[in-house]
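Asker:
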Amino acid sequence: MGKAKSKNEKLARQILENKGIKFDDWLEEQYQNIIDENIEMLISSLLTAKELGE
Numbered sequence: 061m062g063k064a065k066s067k068n069e070k071l072a073r074q075i076l077e078n079k080g081i082k083f084d085d086w087l088e089e090q091y092q093n094i095i096d097e098n099i100e101m102l103i104s105s106l107l108t109a110k111e112l113g114e
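Here the numbering used here is used: the first residue of the sequence shown is 61, the next is one more, and so on.
1. Taking only runs of the alpha helix (DSSP H) that begin and end inside the segment 70-103, which ones reach a length of at least 4 residues, in chain order?
2. If you run the structure through DSSP and keep just helix, strand and coil, what is Leu112?
3. Among Glu69, Asn98, Ile95, whose alpha-carbon lies nearest the alpha-carbon of Asp84?
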């Protein structure tokens with residue numbers, strides 16, 4: 061899987077570069093997207109942890 065990931069990352073980086081997008085900016089956007097998509101679950105988990113006294 062390491063080689064496939066490496067090839068995929070290399071290809072993704074090249075595509076982004078060709079589009080004028082910095083990989084680090086794109087990656088940060090992906091992190092934010094996954095957080096935004098799961099905000100309700102995150103809030104629920106935090107509330108549950110608080111209720112359990114953790």
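For each residue, glycine too, the CB sits at the ideal point set by N, CA and C.
Answerer: So, to answer that:
1. 83-97
2. In the structure shown, Leu112 sits in coil (DSSP, three-state: anything other than H, G, I, E or B).
3. Glu69
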